[in-house]
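From first to last, the protein sequence lines are chains C and B. Residue numbering for the first sequence follows this note's numbering, beginning at 183 and increasing consecutively. Residue numbering for the second sequence follows this note's numbering, beginning at 365 and increasing consecutively. Note that beta-carbon positions come from the ideal geometry of N, C-alpha and C, so glycine has one too. Scroll down for the structure; my scribbles are underneath it.
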Amino acid sequence: MTDPAFDPRGLAPDRLVELYRQMVRIREFEERVKRTFAEHPGVIRGHTHLADGAEASIVGSVAALRPGDQLTATYRCHGYPIALGSDTAAMMAEIYGRATGTCGGYGGSMHLCDPERGFLGTSGIVGQGIPHATGAAWAAQIRGDRDVVLGFFGDGASKQGAFHESLNIAALWKLPVVYVLENNSFSAGVRTEQEDANAAAGEPLATKAKAYSMPGVTVDGGDPLAVYDALSAAVARARAGEGPTLVESRVYRLSAHGNSIAPPGVPLHYPEHEAISRFGAVEEYEAAKRGDPVPRFRAALVAAGVLGDAPARSIAADAAEEMQHAVDTALAAPFPEPAAALEHVYAEAPA
Amino acid sequence: MSTHETTYIGAVMEAIDQEMARDERVLLLGQSVGGRPDDPFVQRYGENRVRVTPISETAEIGMAVGAALAGMRPVVDATMAEFLLVAMDQVVNEGNRFHHMSGGRVRVPMVLKAGYGFTAGWAGQHTGSIYGMFMGVPGLKVALPSTPADAKGLMATAIRDDNPVLFLHHYLLTLDRGEVPDGEHLVPFGQAVIRRPGADVTLVATGWTVPMALAAAATLAADGIEAEVIDPRTIAPLDTATVLASVRRTGRLVLVDQATRHASVAAVLAAEVAEAGFDALRAPIVQVTGLDAGIAYSRPMEEHVLPDEAKVVAAVRRVVEHSGTRV
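In structure tokens, the structure reads:
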């Protein structure tokens, strides 16, 4: 280690590099989603939501899990399955509406899942996945196998009744769940301090944990190791049967809330970030870009002597190649048969 | 098959009890569930599997979705059907969507148990027959038992089903007694039952209106009009084939339903039969439904808007007269 201030939080160098690799893969995947709107108009339908700026928070959180643990997420859901090892080609095919997609083209960008890796699914309705995480944690508590569930959601969701009802029960029942509130400072196009009493009072959103007698911590979500540290403590507490924790991970979303919303036939695109389009906060947004967690972590690892320039370039090249393959195979993949729309309406009894 | 006599609600709880004994993944939660050490369900299955909840419908139902995604088979006792409305997203737009949205990769086996139709002076907000809101929601099944035996058999089937099932038991039937099969008893979903055969007119009724339709049929039989009474038992899936086959025999259809006219099973069946069985009809389809008003507290007003035996009898006479001499 050449940087004496660098704290690897107990992680070996190869795991540190692996965290960085996952961040780069998530970023590259989402860059290709974004580029698809310009390069292949019409290929992506509906609404996509990018997690650029939250990669450190995602990989730091997932790194605190062990096999058997589970998670739920929101419509901003591309990053988690990548961190869990899902097939990016199948994910891109899902976003392109192809039969070979993660969910056969039934779910699209907002509804990825990978139950075999613990990713139970998403709700596209703000806050409504929080009770799902809570219920999965109840299932884990009943199984008694010390598995832990992470519930990911945004700052906007913490104003939903589903959030408050869930935290109350989780604390009351000491459920093994960690609530990861990714505070990206905007609820769609509304600033957090416009719609959150804690934020308006200059207090962290983790303050809400006090109402439910559970620990609440706020962490720099741009630092994967800080996130890993906070999540490790919360996961350990949950695993020990001591109950839930609310972790507020401060991130800054680097893209707009989602792609443009338009009727069929109107090309979709990614509009300007709300900080600029709605609030004219150009300098704030530029500062966030300068703090981009991906180059920031690369610089930290390079300074610490954990990552060399050549391996860093190779990680970038590998990710570019992987996601080019994802795009190419997804574009070439077949669409579902139209009548497949009527399959999976009801689950049939297993044979 | 040996049977025993029990109440409608007792039969529901008997099914839950038997399924909890059979499968340790079956859980029971709700605001009036367990909550005390001498509760028989707590004593048999422990406080892990039988949990009293806060008054938090969104969390209760949403947690059932999550527990089901994680491999459990939760039964939420939601008490009253109207309480589901507090958590409408979780009832109609979460668990029921997941199997389809995931392309079949996840399953959400869960039951929402709730009473409905408590037209006994409970006024506007606790008396609705609101199943019309749920019967057209893809991925959600809806059961409306009308007898103690079906209450047991439909609940057992609901718990073993791999989908979200809304099990709506009728409050006015709660203490009705009837013979119920001992041991395992499963009633298949999507299969209507003919409660009474008859050649002159088809009467379709659900829940509390089934005994009403049977009473009307007995009255009509004294005048030589033989009504066939059909109980769909589940309205999602809905067995339209049995109704159509009956209409092909009788040529006449009267639909009895406690729900308001435009949110009823009756409206759906009327449309299906008009489209697929028009040639068999000898008279217009008549619907005897709740009137399009809230349920008033005071008894004369409450009774005015509900279907009753006299209204059913009058409707049947009308369709028979319309179509002239019976064959």
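Item	Value
Can you tell me which of the three DSSP states residue 686 of chain B falls into?	helix
Per DSSP, what kind of secondary structure is residue 443 of chain C in: helix, strand or coil?	coil
Which term fits residue 237 of chain C, buried or exposed, when burial requires 16 or more other beta carbons within 10 angstroms of its beta carbon?	buried
Below 8 angstroms between beta carbons: does that hold for residue 438 of chain C and residue 465 of chain C?	no
Do the region 429 to 446 of chain B and the region 313 to 326 of chain C meet, that is, are 3 or more Cβ pairs less than 8 angstroms apart?	yes
So, at 8 angstroms on beta carbons, what are the nonlocal neighbours of residue 572 of chain B in its own chain, with the 5 sequence-adjacent residues on each side left out?	481, 510, 534, 536, 537 and 622
Flag this pair as yes or no: are the beta carbons of residue 372 of chain B and residue 528 of chain B separated by less than 8 angstroms?	no
Note down the Cα distance separating residue 664 of chain B from residue 381 of chain C, rounded to an integer number of angstroms.	54 angstroms
Assign residue 491 of chain B to one of three DSSP states: helix, strand, or coil.	coil
By the criterion of Cβ-Cβ separation under 9 angstroms, what are the contact partners of residue 257 of chain C in chain B?	Those within 9 angstroms of residue 257 of chain C in chain B number zero; the least Cβ separation is about 11 angstroms.
Using the beta-carbon of each residue, which ones in chain B are nearer than 9 angstroms to residue 535 of chain C?	Any answer about residue 535 of chain C is impossible in this case: the structure gives chain C only from 183 up to 533.
Sorted by chain position, which residues of the same chain lie with C-beta nearer than 7 angstroms to residue 342 of chain C's C-beta, five sequence neighbours on each side aside?	308 and 309
Since residue 632 of chain B and residue 595 of chain B should fall inside the 8 angstroms C-beta cutoff, what is the C-beta to C-beta distance between them, to a whole number of angstroms?	Not really, about 15 angstroms apart at Cβ, beyond 8 angstroms.
Only counting runs of 4 or more residues, tell me where the alpha helix (DSSP H) segments fall wholly within the region 217 to 302 of chain C, in order along the chain.	237 to 244, 261 to 266 and 270 to 277
Compare the C-beta of residue 193 of chain C with all C-beta atoms of chain B and state if any pair is closer than 8 angstroms.	no
May I have the straight-line CA-CA distance separating residue 516 of chain C from residue 509 of chain C, to the nearest angstrom?	13 angstroms
So that I know if they touch, is there some Cβ in chain C lying closer than 8 angstroms to that of residue 435 of chain B?	yes
What residue range does the beta strand (DSSP E) around residue 431 of chain C cover?	427 to 432
Would DSSP call residue 358 of chain C helix, strand or coil?	coil
Going along the region 445 to 459 of chain C in order, which residues come within less than 9 angstroms of chain B, judged by CB to CB distance?	none
Using CA coordinates, which residue listed in B/674, B/641 and B/386 is at the minimum distance from residue 613 of chain B?	B/641
Does any C-beta atom of chain C lie closer than 8 angstroms to the C-beta of residue 503 of chain B?	yes
Let me know the secondary structure DSSP gives residue 691 of chain B once reduced to three states.	Caution applies to residue 691 of chain B, whose pLDDT of 46 falls short of 50 and renders its modelled position unreliable; the value that the coordinates give is listed next. Looking at residue 691 of chain B - three-state DSSP - the assignment turns out to be coil, as it is neither helix nor strand.
For residue 670 of chain B, name the three-state secondary structure that DSSP assigns.	coil
With a threshold of 8 angstroms between beta carbons, is residue 455 of chain B in contact with chain C?	no
Using a beta-carbon distance below 8 angstroms, is residue 531 of chain C in contact with chain B?	yes
Go through its chain and collect everything with a Cβ distance to residue 467 of chain C's Cβ below 7 angstroms, but skip five positions before and after it.	455, 457 and 458
What residues of chain B sit near residue 527 of chain C, judged by a beta carbon separation below 7 angstroms?	464, 502 and 503
Under a Cβ-count criterion, where at least 16 other Cβ atoms within 10 Å of its own Cβ denotes burial, should residue 532 of chain B be classed as buried or exposed?	buried
With DSSP run on the structure shown, which of helix, strand or coil describes residue 482 of chain B?	coil
To the nearest angstrom, how far is the alpha carbon of residue 651 of chain B from that of residue 676 of chain B?	9 angstroms
CA-CA distance, residue 543 of chain B and residue 551 of chain B?	15 angstroms
Can you tell me which of B/423, B/438, B/466 and B/471 puts its alpha carbon nearest to the alpha carbon of residue 452 of chain B?	B/423
Report the residues of the region 325 to 349 of chain C with a CB closer than 7 angstroms to any CB of chain B, ordered along the chain.	343, 344, 347 and 348
Quick one: what's got a C-beta closer than 7 angstroms to residue 409 of chain C's C-beta in the same chain, skipping five residues either side?	238, 239, 242, 243, 401, 403 and 431
So, helix, strand or coil for residue 499 of chain B, using DSSP?	coil
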